[in-house]
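Here's the structure, in structure tokens; my notes come after.
Residue numbers (UniProt numbering): 1 to 414.
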């Protein structure tokens with residue numbers, strides 16, 4: 001069986017917030033796959049995770065905006081103008097434009113032209129991470145080159161893309177994988193039997209997130225000099241619900257000793273800092289900014305509780321199963337989150353964590369107070385959550401599933 005070199009199309013690379021993609025790329029390389037990474041955007045993070053330095057695949061960047069590299073786009077257009085694939089892809093664009101009459105749609109076609117014209121030598125397959133813009137570029141490029149493609153769908157892309165757009169991509173792709181049962185059910189419904197959709201949890205690199213062997217302190221929030229540490233990791237964006245979490249913290253009894261640590265960057269960070277000050281939380285909240293993976297791990301191990309108040313935004317954007325929840329659970333942290341999307345697939349109420357309704361700071365405050373006051377409960381939930389992660393969320397299971405899907409295609413092509 002001859003394996004094909006795979007062109008993996010990403011929205012941006014590398015990204016601190018997408019460790020789940022990086023660990024998958026490294027896992028595929030270690031499984032023997034030859035990858036080429038193609039990103040629609042250059043990196044904006046100041047730091048990198050160690051896993052990014054372990055990935056050997058070359059990285060190519062397409063023009064983020066076509067007007068910034070007009071000669072590159074023009075060369076690609078002239079290279080493909082008389083090829084059959086151009087008219088096939090142009091037909092798809094013509095069908096898409098009336099339903100999505102935006103510059104963004106034209107930009108994706110231009111990026112696909114550049115990718116097709118600057119095609120990596122010996123590459124024979126395309127795979128998109130995210131079913132929105134990366135999959136648009138990948139679909140057009142597959143038509144230009146006459147090559148098959150596949151897709152990994154995640155969360156925002158599933159819930160904010162138009163039904164017609166997702167259905168067309170599902171019908172065009174050879175197969176699609178997604179990482180939560182809720183996302184899987186939506187894609188299966190849209191595919192209507194016309195595509196192969198698979199559920200594949202990202203899981204965690206359990207070697208990188210080894211067991212935390214030390215006993216946590218039995219603080220119960222009664223001693224001011226021994227505060228219970230609540231940590232949260234995530235970008236400061238609307239769907240993470242950090243305003244709700246801050247409001248919940250402000251509702252905790254005044255005599256309870258706790259501290260909150262936030263790790264992550266994001267567009268709403270300054271607004272959240274102002275909210276924390278308005279709520280009188282200044283002396284109890286620390287903003288750590290974006291950190292590399294080994295630094296995040298140290299914070300998990302130094303904390304007592306992990307909290308994340310996920311929500312569904314007005315445009316449908318939401319998390320799937322946040323990887324940070326899986327990471328925190330792997331370190332025996334008691335977790336509290338909301339009962340939306342894929343979160344209940346990891347956290348079972350009062351078994352492996354606590355779940356509260358979304359947009360409910362009172363319920364979240366009650367859950368936090370319960371955990372802060374009860375170190376025995378924290379230990380029980382943390383132990384059970386770690387067992388679930390190590391039993392059901394090893395990322396090698398996902399790598400094995402992807403390996404089989406790719407190799408099935410190679411065998412069929414022989």
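Positions of the beta carbon are idealized from the N, C-alpha and C atoms, including for glycine.
Using C-beta distances below 7 Å, list every residue in its chain close to residue i, excluding the 5 sequence neighbours before and after it, in chain order.
i           : result
residue 302 : 229
residue 20  : 202, 323
residue 344 : 355
residue 173 : 149, 150, 151, 195
residue 264 : 233, 234, 235, 236, 290
residue 382 : 332, 333, 334
residue 193 : none
Considering only their Cβ atoms, is the gap separating residue j from residue i smaller than 8 Å?
i           : j           : result
residue 231 : residue 300 : yes
residue 138 : residue 11  : no
residue 76  : residue 113 : yes
residue 400 : residue 180 : no
residue 191 : residue 170 : yes
residue 353 : residue 385 : yes
residue 346 : residue 326 : yes
residue 313 : residue 403 : no
residue 361 : residue 244 : yes
residue 175 : residue 405 : yes
residue 147 : residue 126 : yes
residue 272 : residue 246 : yes
From the options, pick the residue whose C-alpha is nearest to that of residue i; which is it?
i           : options            : result
residue 7   : 51, 31, 336, 58    : 58
residue 106 : 73, 354, 240       : 73
residue 395 : 10, 110, 330       : 330
residue 252 : 284, 267, 405      : 284
residue 17  : 29, 47, 40, 249    : 47
residue 233 : 116, 337, 279      : 337
residue 161 : 175, 140, 135      : 135
residue 69  : 370, 270, 111      : 111
residue 227 : 198, 209, 259      : 259
residue 66  : 89, 90, 41         : 41
residue 310 : 357, 270, 297      : 357
residue 335 : 126, 182, 183, 364 : 364
residue 198 : 209, 183, 212      : 183
residue 89  : 141, 78, 53        : 141
residue 210 : 83, 414, 332, 45   : 332
residue 351 : 296, 387, 5, 78    : 387
residue 95  : 213, 168, 220      : 168
residue 27  : 102, 193, 208, 391 : 208
Distance, Cα to Cα, residue i vs residue j?
i           : j           : result
residue 242 : residue 85  : 47 Å
residue 218 : residue 257 : 13 Å
residue 290 : residue 87  : 44 Å
residue 159 : residue 225 : 45 Å
residue 121 : residue 22  : 23 Å
residue 130 : residue 276 : 33 Å
residue 124 : residue 359 : 46 Å
residue 292 : residue 261 : 15 Å
residue 254 : residue 280 : 11 Å
residue 108 : residue 100 : 12 Å
residue 104 : residue 116 : 18 Å
residue 373 : residue 189 : 44 Å
residue 39  : residue 377 : 44 Å
residue 380 : residue 304 : 12 Å
residue 278 : residue 97  : 46 Å
residue 419 : residue 414 : Lying before the first or after the last residue shown, residue 419 is absent from the chain, which here runs from 1 to 414.
residue 316 : residue 223 : 42 Å
residue 118 : residue 288 : 41 Å
residue 397 : residue 78  : 44 Å
residue 91  : residue 270 : 45 Å
residue 163 : residue 339 : 24 Å
residue 186 : residue 157 : 12 Å
residue 212 : residue 407 : 36 Å
residue 52  : residue 412 : 32 Å
residue 318 : residue 268 : 16 Å
residue 294 : residue 214 : 17 Å
residue 297 : residue 216 : 15 Å
Spatial neighbours of residue i within its chain, please: CB distance less than 8 Å, with the 5 preceding and 5 following residues excluded, ordered by chain position.
i           : result
residue 25  : 8, 35, 37, 55, 57
residue 83  : 144
residue 249 : 230, 258, 260, 279, 281, 284, 285, 365, 368
residue 220 : 228, 372, 373, 374, 375
Rounded C-beta distance between residue i and residue j? I'm assuming under 8 Å.
i           : j           : result
residue 195 : residue 177 : The Cβ separation is near 11 Å, so there is no contact.
residue 14  : residue 50  : With a Cβ gap of about 11 Å, residue 14 and residue 50 do not count as contacting.
residue 80  : residue 144 : 6 Å
residue 328 : residue 368 : Actually they are not in contact, since the Cβ atoms of residue 328 and residue 368 sit about 15 Å apart, beyond 8 Å.
residue 30  : residue 410 : Actually they are not in contact, since the Cβ atoms of residue 30 and residue 410 sit about 18 Å apart, beyond 8 Å.
residue 166 : residue 393 : That pair is no contact at about 26 Å.
Can you list, in chain order, the residues of its chain whose CB lies under 6 Å from that of residue i, leaving out five sequence neighbours each side?
i           : result
residue 266 : 235, 236, 237
residue 274 : none
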